[in-house]
Amino acid sequence: MTSTFLAHCPRCDGERTCNILGAFEDVWDWTDGEHSLNGQDDHKLAQCAGCTTVFYHKSSWNSENWQCGYHPVTRKEIIFNPRKIETYPAPEKKSQKPDWVWGIGQIDPQLHTILDEVYQAYEVGSFILASVGLRTALDRTTEILQIDPGLSLEKKVKELQEQGYIGETEAHTLSVVTDAGSAAAHRGWSPDQKAFAILITTLEQFIYRVVVTGKAALSLTEGIPARHPRPKKPAKPNG
Ligand SMILES: [Zn+2]
């Protein structure tokens, strides 16, 4: 009977029971007379019991890499060497692109092309290019919503808010998107992964609501009496 172990299958991209086709445990130590290192590399040729993909699996640790933790039963402090897992092939990089973006080509091919390039730039960490792309995607979406194309993008966002497509918080985030291109070009602004994730999530939610699900925003506000204009609040320093 073949022995099995649990491993992350690079093709299923999830933890699976895998058959061990071959294994070799390499226990090693090294010294130059003064310093010493030791560790272990466990090599396996494995086959996923789900998708039958055959892959190489290496689990290793060494004495240089250690962490403090607590024993799961005694709760006593212990020092352990965390294992590093590598597989060949490596799991395919997951796309950041939500599923609905694939279908947006049928609604508006141009918006699909723009978003597709945004996700390509995002996935390789080109946040400046991706931000400029977000701005373009936002502009295209306002065109779909028949906002006056002669307005500046900043004014278009205001228009979106006035027409009830977006709320105040969304308007604030989207106004960051409108500024992204020129901020990157002239003020050396470059969002990090975290900042960009907020921008793209806001735009995704907006596009999904107004383009993919159609009139969701409008039907929510239908029948609700218009709000009385509120006195202008002073601008918040960090919004
Ligand atoms: Zn698999």
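Here our numbering is used: the first residue of the sequence shown is 8, the next is one more, and so on.
The beta carbon of each residue, even a glycine, is placed where N, CA and C say it ideally should be.
Exercise. Opposite Gln54 in the DSSP bridges: which residues?
Worked result: Asn26 and Val61
For this session: Go through the residues and name those whose CB comes closer than 6 Å to any heavy atom of ligand 1, in chain order.
Result: Cys16, Arg18, Cys19, Arg23, Cys55, Gly57, Cys58 and Thr60
Problem set entry | Sequence-distant residues of the same chain with beta carbon closer than 6 Å to Pro98, five excluded per side | Pro17 and Asp20
For this session: To the nearest angstrom, report how far apart Phe62 and Glu93 are at their CA atoms.
Result: 10 Å
For this session: Within 10 angstroms of the Cβ of Pro156, are there 16 or more other Cβ atoms? Answer buried if so, exposed if not.
Result: exposed
Problem set entry | Reduced DSSP category for Ser138 - H, G, I as helix; E, B as strand; rest coil | helix
Problem set entry | C-beta atoms of Leu167 and Ile154 nearer than 8 Å | yes
Exercise. Given that a residue counts as buried once 16 or more other Cβ atoms are within 10 Å of its Cβ, and exposed if not, what is Leu13?
Worked result: exposed
Exercise. Starting from Thr81 and walking both ways along the beta strand (DSSP E), at which residues does that stretch end?
Worked result: Per DSSP, Thr81 belongs to no beta strand (DSSP E) and is neither H nor E.
Exercise. Going straight from the alpha carbon of His4 to that of His50, what length do you get?
Worked result: Nothing can be reported for residue 4: it is not among the residues displayed for the chain, which extend from 8 to 246.
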